[in-house]
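Mind the numbering: the sequence shown is residues 7 to 325 in the numbering used here, read in order. Backbone N, C-alpha and C define an ideal beta-carbon position, used for all residues, glycine too. Let me begin by presenting the structure, written as structure tokens, before commenting on it.
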Amino acid sequence: MSRVYLVGAQQKLIKSNDWQRFMKGIVLDIELKNQVVNKVVDYISPPEVCPENNASISFTAATLSKQKLYVGTLTEILIYNTKNFQLEKYFSLPFFNDIHHVSPRANGNMLVVNTGLDMVIELSSKGELLNCWNVLGENPWQRFNKITDYRKVPTTKPHKSHPNFVFELNNEIWATRCLQKDAVCLTNPSKKITIGRELVHDGVVYKNKIYFTQVDGRIVIVNANNLIVEKVINLVEITNNIKKIGWCRGIKPLNDDTILVGFSRIRPSREINPNGTISLNGQYGVLPTRLACYDIKKKKLLWEKNLEDYNLNAIYSIN
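Listed below in structure tokens is the structure:
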């Protein structure tokens with residue numbers, strides 16, 4: 007593999023709430039040998055699919071398949087042809103809120119993590135709703151109204167689960183649940199991958215392993231056959247013991263030993279005030295948003311690339 011695509015967002019210049027933070031979606035193309043970076047897409051969602059005031063616009067976790075990049079914004083799905091990065095398909099449905107991941111299936115359908123409604127949905131290639139799963143096993147519409155245009159709702163937080171990634175194992179559909187710190191099988195609820203300890207992202211299947219990230223700088227590798235955690239790699243220890251390593255999200259194995267990991271600097275800390283209200287203060291991490299390459303066998307940081315020079319202030323996926 008000679009190059010990868012980095013998918014994420016550019017931050018607004020003014021301080022803002024979590025659901026108002028970003029101004030556009032960004033896709034960067036990075037050549038791995040020399041870390042040469044080119045911007046291939048920047049994107050601003052149209053007003054009709056955004057909240058009315060100070061909307062956040064971001065690309066979220068994407069999937070690369072057969073020279074197509076399937077990527078979401080908070081309220082849309084876009085499919086780009088990576089030969090020329092022309093937009094080939096576009097979907098936006100009223101129940102889209104805080105979309106976190108889009109992944110095509112072998113049958114031509116798409117799986118979409120609709121985080122704001124704590125659900126995963128399956129769409130046809132024409133954008134028709136085929137299936138819908140609440141990731142907690144509830145009725146998907148128990149807490150939500152089918153006639154509401156959730157694209158216009160700035161946030162539905164607090165979420166009960168905050169699913170952020172969808173993947174398939176043996177034709178079964180799985181979702182990664184950030185707040186439960188696990189992954190669950192939506193098509194066979196008896197199956198679960200327990201990770202624990204800290205908030206979880208990703209769920210990238212490579213060979214016979216599933217790779218998860220935890221936000222404080224851990225990689226969790228799970229055996230895809232028995233669903234048991236095989237290894238936990240502490241990137242904080244490898245990266246010169248920097249405690250504020252950044253918000254760890256986005257992972258791509260290049261081979262069994264070499265792994266790319268994304269870190270996002272801009273992430274506020276939450277403080278509970280004496281009156282019970284919540285304030286968002288400061289930034290998570292002291293290092294810039296960057297792509298890092300690790301040799302996990304030798305436990306060595308091979309190289310890093312600062313991405314804020316290219317206006318990428320948050321990484322959602324590495325494709």
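{"query": "Cβ distance (whole Å) where Phe269 is taken to contact Ile251 below 8 Å", "result": "6 Å"}
{"query": "Cβ-based neighbour list, Pro294, same chain, cut-off 6 Å, excluding 5 preceding and 5 following", "result": "Arg271, Asn312 and Glu314"}
{"query": "Local conformation of Lys304 per DSSP, three classes", "result": "coil"}
{"query": "Burial state of Gly288, where buried means 16 or more other Cβ atoms lie within 10 Å", "result": "With a pLDDT of 48 at Gly288, under the threshold of 50, the predicted position of this residue should be treated as unreliable, and no value is reported."}
{"query": "Coil, strand or helix - Pro52 by DSSP", "result": "coil"}
{"query": "Beta-ladder partner(s) of Gly31, from DSSP", "result": "Ala15 and Tyr49"}
{"query": "Proximal residues to Val33 (C-beta, below 6 Å), its chain only, five neighbours per side dropped", "result": "Tyr11, Val13, Val46 and Val47"}
{"query": "Sheet register partners of Ile227 (DSSP bridge)", "result": "Tyr217 and Lys237"}
{"query": "Other residues of its chain near Phe101: CB distance less than 6 Å, five sequence neighbours each side excluded", "result": "Tyr156"}
{"query": "Residues that DSSP places opposite Gly78 in a beta bridge", "result": "Ile83"}
{"query": "Nearest to Leu80 (by Cα), restricted to the options Trp139, Thr162, Val43 and Ile153", "result": "Thr162"}
{"query": "Nonlocal neighbours in the same chain, by C-beta distance under 7 Å from Tyr217, ignoring five residues either side", "result": "Asp208, Val210, Ile225, Ile227, Ile257 and Pro259"}
{"query": "6 Å CB neighbourhood of His165 in its chain, flanking five on each side removed", "result": "Asp124"}
{"query": "Same chain, Cβ closer than 7 Å to Glu37, five either side skipped, listed in chain order", "result": "Ser8 and Arg9"}
{"query": "C-alpha distance - Val141 paired with Val126, whole-angstrom precision", "result": "7 Å"}
{"query": "CA-to-CA distance, Pro160 to Ala407, given in whole angstroms", "result": "Residue 407 is absent from the structure shown; the chain starts at 7 and stops at 325."}
{"query": "For Lys95, the three-state DSSP class (helix, strand or coil)", "result": "strand"}
{"query": "As assigned by DSSP and simplified to three states, the class of Asp315", "result": "helix"}
{"query": "Proximity of Leu192 and Ile201 at Cβ, strictly below 8 Å", "result": "no"}
{"query": "Same chain only: Cβ atoms within 6 Å of Lys95, ignoring 5 sequence neighbours per side", "result": "Ile85"}
{"query": "Distance, Lys39 Cα to Leu308 Cα", "result": "12 Å"}
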